[in-house]
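For reference, the structure is listed below as structure tokens.
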Amino acid sequence: MKNSRIKERTRAQESSGAIERLYISMRHIFTRGFYKPMGISGETLRQSLLLLRPEIYGTIAEEKVELNGLIYVIERLPIGIEECRFINLTSEEGYGKSHFKAIVPPKRRRNCYRIDKDQMNIEVTRGRSEIYDVLTHLTFLFIESHKIADKVLISEGDDTNREWKKLEEVVLNNIKLSRDERDIMLAHLASILGRTFEETQMVHGILEEKNNPDRFFQIIFWLGSLAINEKIHDLKRTITFSPVLRERIGHHIYGEIWANNVKDVLMEKNLMNRPIHIISANMHSVMNSIYAPVVLPKQIKDNDPISLFELLSDSENEDLRSQVEVYAEKNGLTHIKDTSGTYIDVQIIDTNKIDFNKTKYKFENTLPTNEKPVLIVMDYAFGEQAYETMDELLKPYTDVQGKNHHLNVESVSIMGKAGILDGGKGDIMIPSAHIFEGTADNYPFKNQLKSSMFEDCGVAVYTGTMVSVLGTSLQNKDILKFFYNSTWKVVGLEMEGAHYQKAIQAASKIRGNISEKVKVRYAYYASDNPMVTGSTLASGGLGTTGVRPTYVITQKILEQIF
171 MKNSRIKERT RAQESSGAIE RLYISMRHIF TRGFYKPMGI SGETLRQSLL LLRPEIYGTI
231 AEEKVELNGL IYVIERLPIG IEECRFINLT SEEGYGKSHF KAIVPPKRRR NCYRIDKDQM
291 NIEVTRGRSE IYDVLTHLTF LFIESHKIAD KVLISEGDDT NREWKKLEEV VLNNIKLSRD
351 ERDIMLAHLA SILGRTFEET QMVHGILEEK NNPDRFFQII FWLGSLAINE KIHDLKRTIT
411 FSPVLRERIG HHIYGEIWAN NVKDVLMEKN LMNRPIHIIS ANMHSVMNSI YAPVVLPKQI
471 KDNDPISLFE LLSDSENEDL RSQVEVYAEK NGLTHIKDTS GTYIDVQIID TNKIDFNKTK
531 YKFENTLPTN EKPVLIVMDY AFGEQAYETM DELLKPYTDV QGKNHHLNVE SVSIMGKAGI
591 LDGGKGDIMI PSAHIFEGTA DNYPFKNQLK SSMFEDCGVA VYTGTMVSVL GTSLQNKDIL
651 KFFYNSTWKV VGLEMEGAHY QKAIQAASKI RGNISEKVKV RYAYYASDNP MVTGSTLASG
711 GLGTTGVRPT YVITQKILEQ IF
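Shown next as structure tokens:
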């Protein structure tokens, strides 16, 4: 018998297959309308996630409870969700006008509503990527909850061990603990979680709140309690998708409202026919780069504006930020607070109202007013939402008389955070193309930003291809090593680039909504390196490390526009 020429699948291929099954499964259960995560209907999701073992979810496939992943997920889901057996994903359906109080997770912009003690509603207005994000986090959470249940249940019966009974007494009776009593409970909790006392104590400190210092105890108790009820009484947790959400998803409902709100302001201020430069960034770096050195020149140390921007990024300096905002609004900046449900705020900056003699930027003041650029700065989109919002923004605007107005878009600049595959937090990536994960779809482009422009800026710069992933929480080292070592020459991963470029190419080269000569700029700063243990997104934010690359990229974009 001849030896088979078919090679065994590599770990990267297995992981890629697991990601594909995850998304097929999620689309199927979304179409179905409901599923039980720890039941038969959620089995494919669970098994795929356990096979994939994403870096961000750490020890998900091991017996011990994953703590860094738990912190990451808890900060992105509404407070109290661990207590709820029924989770309902809805569209924007009027809950904001009811007596229900909106719950907004610390690290995700989405409104959630606690309907009763057993039900949490999560509003989804940012497209399929948001659904994938919520479902993967919930799947992780429920897998971890069953680890807790397995640890505390005695044999095959319905009795629980001593440590669990101690935890139950504290949580259900809302007992206020002294320092010594808290340490005793942490010791019991460490035993339940299969982690060290030190690790358990650290997470307790991260999750504690001013009015609820023992929130960690409550999270673990309710996760374990609902899992025990599933195992003993077959009271399965259920996730449902409202009919309105299933009807609206994919139809650009919120993106169209958002784009029209922006164009209404452009028309109102007579800016529609001016040269327009779109910048996808945050809501501070462009404004601060232009206005802050004018308002706060004495705060600049050693003639380095970055020192001022670091000062403004400090949460304690609200007064300084307010001074910049007030000045900016009197000198050309209009802030559009989002009311559409996209959670994407916008700033429109009319450069005709800026005295460039006071800024570091050189600008031809002899240009007639109708040739002076207008900046549209839009906040970060989320995954597929990037296509929806950019596609709608680049469409012609139809006024009340039914007349179409095409935007005179001269450039689109995208600055974002990304995971880097060769480098560290705070480094910069300059892409030459975006590729879609899981397909051979690729979007090469001529990037107006070059690595040579960032020499002597105090940051390391990497060039190559960026891979636009379906979810940053679903990557593991095997897939990332494949991307890094393959001829794709991938330097980083993010979630929006290919979606943006797809919309820009369609608008400029096929639909004729904007000029074919539109210039594009892409640059990313590294928020994490998922190839390095301890440097994933779950390890924490950038802090002040992100200030320099953010403002260096912003300045290079503005120098090209001006």
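Quick note on this note's numbering: the sequence shown kicks off at 171 and runs consecutively.
Here a beta-carbon is modelled for each residue, glycine too, at the ideal position from N, C-alpha and C.
Computed from a prediction, not measured in an experiment: that's the story for all the values here.
Check	Outcome
Where the alpha helix (DSSP H) through residue 319 begins and ends	298–322
Spatial distance of residue 323 from residue 332 (CA atoms)	10 Å
Beta-bridge partners of residue 409, as assigned by DSSP	205 and 257
Entirely enclosed alpha helix (DSSP H) segments - the region 466–528, minimum 4 residues	475–483 and 488–500
DSSP-derived helix/strand/coil call for residue 185	helix
Where residue 451 falls: helix, strand or coil (DSSP)	coil
Rounded straight-line distance, which links the Cα of residue 183 to that of residue 171	Confidence is the limiting factor: at residue 171 the pLDDT is only 47, short of 50, which leaves the residue's position unreliable and the question unanswerable from this model.
Under the three-state DSSP convention, the category residue 532 falls into	coil
Through-space distance from residue 532 to residue 263, alpha-carbon basis	48 Å
Those residues which DSSP pairs with residue 636 across a bridge	604 and 662
Span separating the alpha-carbon of residue 233 from that of residue 253	23 Å
Residue 407 burial status per 10 Å Cβ neighbour count (16 or more: buried)	buried
Cβ pair residue 314, residue 373 closer than 7 Å	no
Rounded straight-line distance, which links the Cα of residue 197 to that of residue 366	39 Å
Under 7 Å between C-beta atoms of residue 599 and residue 721	no
Member of 436, 311, 521 and 355 whose CA lies at the smallest distance from the CA of residue 238	311
Inter-residue CB distance, residue 601 and residue 612 (contact presumed, cutoff 8 Å)	Contact doesn't hold; Cβ gap of about 11 Å is too wide.
Residue 290 - containing beta strand (DSSP E), residue span	289–293
Short Cβ contact (7 Å threshold) for residue 414 with residue 261	yes
Own chain residues within Cβ distance below 6 Å of residue 283, not counting five before or after	265, 270 and 291
Any non-hydrogen atom of the ligand SAM within 6 Å of residue 399 CB	Ligands are entirely absent from the displayed structure, and the ligand SAM is therefore not among its contents.
Own chain, CB closer than 6 Å to residue 756, minus 5 neighbours either side, in chain order	For the chain, the structure presents residues 171 to 732; residue 756 sits outside this window and is missing.
Residue from 527, 394, 634 and 249 with nearest C-alpha to residue 316	394
Limits of the unbroken beta strand (DSSP E) element including residue 582	579–590
Separation of residue 336 from residue 353, as counted between CA atoms	13 Å
Neighbour-count burial assignment, residue 726, 16 or more Cβ in a 10 Å radius	buried
For residue 621 and residue 633, believed in contact at Cβ under 8 Å, the rounded distance	5 Å
Same chain, Cβ closer than 8 Å to residue 729, five either side skipped, listed in chain order	531
Residue burial classification, residue 609 (beta-carbon count within 10 angstroms, cutoff 16)	exposed
Per DSSP, the bridge partner or partners of residue 545	447 and 519
Cβ-based neighbour list, residue 360, same chain, cut-off 7 Å, excluding 5 preceding and 5 following	366, 367 and 370
DSSP bridge partner residues for residue 273 (one or two, in chain order)	282
Counted within 10 angstroms of its Cβ, other Cβ atoms place residue 540 as buried (16 or more) or exposed	exposed
Residue interval of the alpha helix (DSSP H) (run including residue 357)	349–363
Top-ranked residue by Cα proximity to residue 285, from 276, 625, 257 and 445	257
Secondary structure of residue 612, DSSP reduced to three states	strand
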